[in-house]
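Asker: Numbered by our numbering, the letters in the sequence shown go through residues 3 to 220 in order. No residue lacks a Cβ here, since even glycine has one placed at the ideal position from N, Cα and C. I'd like to ask you about the structure that follows.
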Amino acid sequence: IAVSDTSDITAVRVNAADSAQVLIAMCTKMLRESPHNVPVRLRRAALYQWMGADEKALSDYNLILEDQPSCEDALLFRADIYRRQRSFRLARADYERLIQIRPNNLKACLGLAITNDESGRPREAMDQMNVIVEAWPEEALPYLVRGEMFMRRGIYPQALMDFDESIRLDPTNPDAYLSRGIYYKHRRKSSLAREDFRRAVELGADANYVYSLLRDLR
Numbered sequence: 003i004a005v006s007d008t009s010d011i012t013a014v015r016v017n018a019a020d021s022a023q024v025l026i027a028m029c030t031k032m033l034r035e036s037p038h039n040v041p042v043r044l045r046r047a048a049l050y051q052w053m054g055a056d057e058k059a060l061s062d063y064n065l066i067l068e069d070q071p072s073c074e075d076a077l078l079f080r081a082d083i084y085r086r087q088r089s090f091r092l093a094r095a096d097y098e099r100l101i102q103i104r105p106n107n108l109k110a111c112l113g114l115a116i117t118n119d120e121s122g123r124p125r126e127a128m129d130q131m132n133v134i135v136e137a138w139p140e141e142a143l144p145y146l147v148r149g150e151m152f153m154r155r156g157i158y159p160q161a162l163m164d165f166d167e168s169i170r171l172d173p174t175n176p177d178a179y180l181s182r183g184i185y186y187k188h189r190r191k192s193s194l195a196r197e198d199f200r201r202a203v204e205l206g207a208d209a210n211y212v213y214s215l216l217r218d219l220r
């Protein structure tokens with residue numbers, strides 16, 4: 003876990019979950035002494051999210067936003083949790099608030115489009131993705147997100163074009179190889195699918211998930 007701007011925290015040298023627990027304890031101690039320390043509360047919330055403790059993270063983000071209603075990180079991360087929890091109305095409100103504050107926040111724009119797609123607004127979502135790709139033509143992530151939307155709609159040639167472009171722009175993102183591999187698997191192009199799944203694992207994708215995709219690959 004990398005935590006910046008707090009020397010006491012970055013001095014810790016332990017691993018994975020143990021590291022997160024130690025860092026959370028340190029943040030908690032610091033917040034007892036300074037409960038309005040936004041950077042420390044943001045770090046604790048991020049650690050809670052990493053541990054899968056979304057409700058604890060939400061509690062921290064809510065406290066931050068009570069003090070600073072325009073805190074961009076808190077709005078973005080709270081919206082992400084709401085979206086994962088399928089609380090789409092709340093997620094949409096946070097993404098839209100953040101876009102009002104920072105219209106060029108790419109992650110907020112993507113989050114809003116994904117929220118709309120997942121909550122029964124497919125046309126609005128695709129229109130938003132087209133605008134995002136046009137506004138950020140050199141960013142890899144918008145092509146990946148739009149490619150996933152094309153896949154869900156069965157628009158396969160456009161999906162592949164977007165996956166290819168995403169990989170061209172950022173050849174180190176395992177998610178792009180996973181998505182293209184799933185595309186190839188769906189299109190019964192097994193050798194290409196295996197190659198993309200292999201590359202995804204090399205770049206850090208969850209091996210168990212990838213092997214589950216490979217098991218029924220013909």
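Whose C-beta lies closer than 6 Å to the C-beta of A76 among residues of the same chain, with five residues either side of it excluded?
Answerer: Taking the first residue of the sequence shown as position 1, residue 76 is located at position 74. Y63, I66, L67, listed in sequence order.
Asker: Any idea if A4 is buried or exposed, counting beta-carbon neighbours within 10 angstroms, 16 or more meaning buried?
Answerer: Locating residue 4 in the sequence shown gives position 2, counting from the first residue. Any answer about A4 is weak, because its pLDDT of 25 lies below 50 and its placement is not dependable; what the coordinates show is given next. Its Cβ having fewer than 16 others within 10 Å, A4 is exposed.
Asker: Is the Cβ-Cβ distance between L60 and R80 less than 8 Å?
Answerer: Position 58 of the sequence shown, counted from the first residue, corresponds to residue 60. Position 78 of the sequence shown, counted from the first residue, corresponds to residue 80. Yes, the Cβ-Cβ distance between L60 and R80 is below 8 Å.
Asker: Taking the straight line between their C-alpha atoms, what separation do you get for D82 and P139?
Answerer: Position 80 of the sequence shown, counting from 1, holds the residue named residue 82. Position 137 of the sequence shown, counting from 1, holds the residue named residue 139. Rounded to the nearest angstrom, the two C-alpha atoms are 24 Å apart.
Asker: According to the neighbour-count rule (16 or more other Cβ atoms, all chains shown, within 10 Å of its Cβ), is D69 buried or exposed?
Answerer: Translated into the one-based positions of the sequence shown, residue 69 becomes position 67. Exposed, since its Cβ has fewer than 16 Cβ neighbours within 10 Å.
Asker: Just how far apart, CA to CA, sit L78 and R85?
Answerer: Taking the first residue of the sequence shown as position 1, residue 78 is located at position 76. Taking the first residue of the sequence shown as position 1, residue 85 is located at position 83. Their backbone Cα atoms lie some 11 Å apart in a straight line.
Asker: How about S168 and G149: do their beta carbons lie closer than 8 Å?
Answerer: Looking up residue 168 in the sequence shown gives position 166. Looking up residue 149 in the sequence shown gives position 147. It is a contact, given that the beta carbons lie within the stated cut-off.
Asker: Compute the distance between the beta-carbons of Y179 and D198, then report whether it is under 8 Å.
Answerer: Walking along the sequence shown from the start, residue 179 turns up at place 177. Walking along the sequence shown from the start, residue 198 turns up at place 196. Contact flag set, yes.
Asker: How far does the alpha helix (DSSP H) with L146 in it extend, from its first residue to its last?
Answerer: Position 144 of the sequence shown, counting from 1, holds the residue named residue 146. Counting along the chain, the alpha helix (DSSP H) containing L146 begins and ends at 142-154.
Asker: Just the Cα atoms here: how many angstroms apart are K31 and L108?
Answerer: Stepping through the sequence shown from its first residue, residue 31 is reached at position 29. Stepping through the sequence shown from its first residue, residue 108 is reached at position 106. Each residue's Cα considered, the two are about 34 Å apart.
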